DNA sequence: AGCACGCCGACT
DNA sequence: GTCGGCGTGCTC
């Protein structure tokens, strides 16, 4: 067994397969599947993942693995398998699948360098190079490139004086702290203490400390504790009484926080009833998928906590996915409060180092529970007892880059392998999941009541057209204004929700209607107040805000759209006494800002919390009695078959923020389309009726959950080339699929041009097409294999965004 | 993805 | 005649 199959870190069609390497004899026992190794690849050295160990290879001229990068495999057997599954199902390169399963810190960094050949002195080199090599053993290739030294270097390399080397580097180091440990027993230390010269008082003190404490202690801590300097410790180290040792420590993002320990809450009857089948499934090691459909405030989290408790008691592990956990510190608190340091937390708010450390806690089985965003689904547990996906309808569970996976699908796949249940929780399930529950594929568990029997908040829909007719041109309806004022007087809190998506501020000429567009992309530029600039969200293009219309020279050119800043300004005018906290990308940019703002609001430091999407979830403050949605329909008109569903979900979620505790809540939804069913039914919080209406729409238009989708996007600099390529691809797909499938296209993408590349679509709607996967692979084979055509083809199986 | 190898144009 | 352009094909 001296040959290793390795997937190399080169994301390309031609290298998307295993390469075999000999395992050097000294590593024979060490190297195992799932480890990262450094291998020679052509003239370079690169990282690779060992997928298999075997006795021999078809390939005759094998090269040797240079060295392993891990002591323990970073991918378990299950994850290696899962990598293949991901590759198959999302049509991505294997290397992308493996990398997606690991923290970014484990991705290799490469350096190309030039060093002196053995026995060569800097003085042997031309004068120009002597300087560069005087202090350095090797110089960076990129630096040489910038200084124009490459030609000379190549010449010297050809003579054999220099050689090019490749270095594979870890992205990140383990954090280490200096610790001091006693080398002698407590008794011997006491003796040593007496043997010290009488004036070595400080040293005696240190030894005295270790007579009492035999555990390692952090050097820094010891120094400040005994008020000594490091030379004292050093002296004792030299005498052989103590030793200094670098010990690895975790970067703990929650280091300076204490979590109040919480105990089981008493469950309501509904909760108990819902929990029984889940516990059964855990007990009997059955794979089942449960859809836990419970209105906001019905106590889903407590069910998660208690089922996890059961899983832990059975010696198994749990994964909990939450939409973007940085946004819901309350969730972290609940888990840490219940399970203490058995919980690892993985979310985008952590630094790469912190993520790595949390991940290693999982890898070393020091924790039993991971709470995290999408990628936490790949937590390297080996004895999973349950997977929970909270807010299962959230679109952020779908990754939009390669590998384009949906965490829900991965969860089901992993749960199957581990014989454990998946719990999908939501107050507004996705149509897909609800339909599956209706068909009995998932088991439906309902929590129809709020825990404390609080009524759902009263929702009132305000027709903003009426307001306009009545002469109110502000963005606040009279009713909302009244209620806001009332809350401030009553010292209660309000949340104002602004749905910015699809409605970001753009610049338009009031005279001729000219809208500033990006010169590279067919999309309008977004106005950024902070920098007083126009910016393209797709290619990064920036330009100044014009003072005159470039088309008609009118001076009446101004920005449109209600950004949060604008709402804040207006609030300041109409309700100057109100204290407002604004939460959007601008104010929550820094680390921890999000949490700080929420804390301030919680502590009652403001009357109104104004924000975008990010405040729609997880907020659970007792004093909120009013929720206002400024414009319900901004996302309704996006070119997306899920826009109604998203609108309904969002409105329902936002409404759920009000009146969760003692005080009853009120919700105001402002809209220009009150008659739209997703607005109307969100008003009555009637998911069931919404579900039926929307299902009819989906059926009529051949959309999920009645059909599956696959989206092929083709881009090229020339419009004609894209169109004809898309035509060819669409024709090919049609020829290969049954006549049950609907193949749309070529059609221009909703964003027809990004970064000067034209984009065309072919959308496939299908029910059952055994040939589909092969067909899509054939397309990728053809187009990925020759990049010289300039055509880029990307395929999204089960896309969420059709753009 | 890199990188080398290889085959054609403008220079000492 | 050579230096160097980037098209083509390979990496265990």
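Numbering (this note's numbering), first residue to last: -8 to 794. Cβ coordinates follow ideal geometry from the N, Cα and C atoms, glycine included. These numbers come from a predicted model, not from an experiment.
Measuring straight from C-alpha to C-alpha, what distance separates residue 604 and residue 72? 36 Å
Just to confirm, are residue 534 and residue 524 a CB contact at a threshold of 9 Å? yes
Excluding the 5 residues flanking residue 493 on each side, which residues of the same chain have their C-beta closer than 8 Å to its C-beta? Residue placement at residue 493 is flagged as unreliable, the pLDDT there being 38, under the threshold of 50; the coordinate-derived value follows with that caveat. Cβ within range, chain order: 625, 626, 628 and 629.
Would you check if there are 3 or more beta carbon pairs closer than 8 Å linking the region 45 to 59 to the region 17 to 32? yes
By DSSP's criteria, residue 267 is part of a beta bridge. Which residues make up the other side? Partner(s): none; residue 267 has no beta bridge.
Using C-beta distances below 6 Å, list every residue in its chain close to residue 454, excluding the 5 sequence neighbours before and after it, in chain order. 665
From residue 460 to residue 662, what distance separates their C-alpha atoms? 14 Å
Using the Cα positions of residue 62 and residue 45, report the straight-line distance between them to the nearest angstrom. 20 Å
Nearest-angstrom beta carbon gap, residue 412 and residue 418 [assumed within contact, 8 Å]: With a Cβ gap of about 20 Å, residue 418 and residue 412 do not count as contacting.
Bounding residues of the alpha helix (DSSP H) (the contiguous stretch that carries residue 74): 68 to 81
So for residue 233, helix, strand or coil by DSSP? strand
Taking the Cβ atom as the reference point for each residue, do residue 47 and residue 24 lie within a distance shorter than 9 Å? no
Would residue 499 be called buried (16 or more neighbouring beta carbons within 10 Å of its own) or exposed? buried
Taking the Cβ atom as the reference point for each residue, do residue 755 and residue 784 lie within a distance shorter than 9 Å? no
Using the Cα positions of residue 548 and residue 526, report the straight-line distance between them to the nearest angstrom. 17 Å
Run of the alpha helix (DSSP H) containing residue 535, from where it starts to where it stops: Where residue 535 is concerned, there is no enclosing alpha helix (DSSP H), although the beta strand (DSSP E) it sits in stretches over 533 to 535.
Cβ of residue 336 within 9 Å of Cβ of residue 315? no
Could you tell me whether the region 221 to 234 touches the region 192 to 201, where touching means 3 or more Cβ pairs closer than 8 Å? yes
Between the region 465 to 478 and the region 632 to 647, do three or more beta carbon pairs fall short of 8 Å? no
In angstroms with no decimal places, state the Cα-to-Cα distance between residue 707 and residue 749. 5 Å
Could you give the first and the last residue of the continuous alpha helix (DSSP H) run that contains residue 662? Looking at the DSSP string, residue 662 is not in any alpha helix (DSSP H); the run it does join, the beta strand (DSSP E), is 657 to 662.
Tell me the DSSP secondary structure of residue 169 in three-state form. strand
Curious, which full-length alpha helix (DSSP H) runs of at least 4 residues does the region 452 to 531 contain? 455 to 460 and 469 to 481
How big is the Cα-Cα spacing for residue 320 and residue 584? 12 Å
Pairwise C-alpha distance: residue 702 and residue 787: 5 Å
Run the CB neighbour count on residue 327, radius 10 Å, all protein chains shown included, and call it buried at 16 or more, exposed below. buried
Distance between residue 616 and residue 41 (C-alpha atoms, nearest Å): 57 Å
Residue 436 - containing beta strand (DSSP E), residue span: 434 to 438
N- and C-terminal bounds of the beta strand (DSSP E) containing residue 542: Where residue 542 is concerned, there is no enclosing beta strand (DSSP E), given that its DSSP letter is neither H nor E.
Enclosing beta strand (DSSP E) for residue 154 [first to last residue]: 153 to 160
Assuming residue 43 is part of the beta strand (DSSP E), what are its boundary residues? 35 to 45
Taking the straight line between their C-alpha atoms, what separation do you get for residue 367 and residue 110? 50 Å
Which of helix, strand or coil DSSP assigns to residue 185: helix
Residue 400 (DSSP reduced to helix, strand or coil): helix
Is it the case that the region 259 to 274 contacts the region 431 to 438, given that we only count it when at least three CB pairs across the two stretches are under 8 Å? yes
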